[in-house]
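Printed below as a string of structure tokens:
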């Protein structure tokens, strides 16, 4: 009797143990996934920053103290707008002296100027004297032939004639030389004025093109030295932005011109912006092990330069059959409802799913293992 009780107890205990061990297997619910076709996108991730498509760094062309600043960061300016003034030092005084000399030369060159009229009067007097001496000399020649005057009188008359002629010719040549000298001086002064005017214009800092003031590097009273590298005044950029992405070097052979890119910005958390790859810099940055890719935004939000960007570059887009990774067993076998074990050919992984190239049909159900 005791043996029977003991056996029963052992059997009951063993049965209870087996039940407790097997309960999870009997109670576990089998999960199936219906094979479906989905849009599949193959992308690569990259991060980067924004940069104006047109970017200009405005530097000081002359040295001096900043006298005035007319813009602040973020201002929109038109091409040619005055941004700042640099103290021009002695240039205005030099220009005023050039203008004074130029006015004097131009006044002397005027046809009715007292200066030229005085020179022409001297020429007329010399000409009259020359013609009179010529007549006297010719009369002396006739009188000498008739023996009415001595040879000495003839020679004196000839000498007076030649002197008068020489004086006349000399004054004429001097007049022409004076005109040429004045015209040359005028050209020299005009060139000096052009150079000084150009130099003076450099003290007025203007916008080389339309855009936005991205950064202001100086304040009123600062001294800028045009001979140093640190002579930056402003940076100017266009509203239109491009995105510079740093793509990992292992994807160098995959990125191509014209590929679509989907970008996100912290300042627009609920929006995704589309762009297009338009330039690939085929030079690896060894320190970052990446290469720059430029993306042009189709609809550019208003963003400051150097804004951080996260992006996915679309390499391939298609439709295909997918199943969960958890449905896949060793050697690419899956458990198909109604068919049992089936070997499939898998494609690429897309997150928690894997593409099925062959072996399954749309709508079939595969077992998912937890």
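Residue numbers (the UniProt record's numbering): 1 to 370.
Note that the Cβ used here is the ideal one computed from N, Cα and C, for glycine as well.
Everything numeric in this text was worked out from a predicted model, so none of it was measured.
Exercise. With respect to the beta strand (DSSP E) encompassing residue 31, which residues constitute its N-terminal and C-terminal limits?
Worked result: 31 to 34
Exercise. Among 243, 342, 366, 102, which one has its Cα closest to the Cα of residue 274?
Worked result: 243
Problem set entry | Rounded straight-line distance, which links the Cα of residue 74 to that of residue 320 | 48 Å
Exercise. Relative to the C-alpha of residue 352, which residue among 175, 227, 72, 323 is closest?
Worked result: 323
Exercise. Per DSSP, what kind of secondary structure is residue 225 in: helix, strand or coil?
Worked result: coil
Problem set entry | Under 8 Å between C-beta atoms of residue 66 and residue 82 | no
Problem set entry | Three-state class that DSSP yields for residue 374 in the structure shown | The shown model of the chain, from 1 to 370, leaves out residue 374, and the question about it has no answer.
Problem set entry | Span separating the alpha-carbon of residue 350 from that of residue 228 | 54 Å
For this session: On a CA-only basis, which of 140, 295, 121 is nearest residue 153? Give me that one, please.
Result: 140
For this session: Leaving aside the five residues before and after residue 202 along the sequence, list all residues of the same chain whose C-beta is less than 6 Å from its C-beta, in chain order.
Result: 61, 62
Problem set entry | Cβ shell of residue 354 (< 6 Å), same chain only, five flanking positions each side left out | 325, 346
Problem set entry | Three-way DSSP call (helix, strand, coil) for residue 92 in this model | helix
For this session: Return the CA-CA distance between residue 357 and residue 266, expressed in angstroms with no decimal places.
Result: 38 Å
Exercise. Who are residue 342's beta bridge partners in DSSP?
Worked result: 334
For this session: Evaluate residue 278 with the Cβ neighbour count: other Cβ atoms within 10 Å of its Cβ, from every protein chain shown; 16 or more gives buried, anything less gives exposed.
Result: exposed
Exercise. I think residue 255 touches residue 213, with their Cβ atoms under 8 Å apart; what is that distance to the nearest whole Å?
Worked result: Going by Cβ atoms, the distance from residue 255 to residue 213 rounds to 34 Å, so no, they are not a contact pair.
Exercise. Going along the chain, which unbroken runs of the beta strand (DSSP E) with 3 or more residues stay wholly within the segment 270 to 318?
Worked result: 290 to 297
Exercise. In terms of residues, what are the limits of the beta strand (DSSP E) holding residue 242?
Worked result: 241 to 248
Exercise. By the 10 Å Cβ neighbour count, where 16 or more other Cβ atoms means buried, how is residue 39 classified, buried or exposed?
Worked result: exposed
For this session: Could you round the C-beta distance between residue 69 and residue 46 to whole angstroms and report it? I think they count as a contact, below 8 Å.
Result: Not quite, the Cβ-Cβ distance comes to about 38 Å (not below 8 Å), so this is no contact.
Exercise. Among residues of its own chain, excluding the 5 on either side of residue 391, which ones have a beta-carbon nearer than 7 Å to its beta-carbon?
Worked result: In the structure as shown, the chain starts at 1 and stops at 370, and residue 391 therefore has no counterpart that could be examined.
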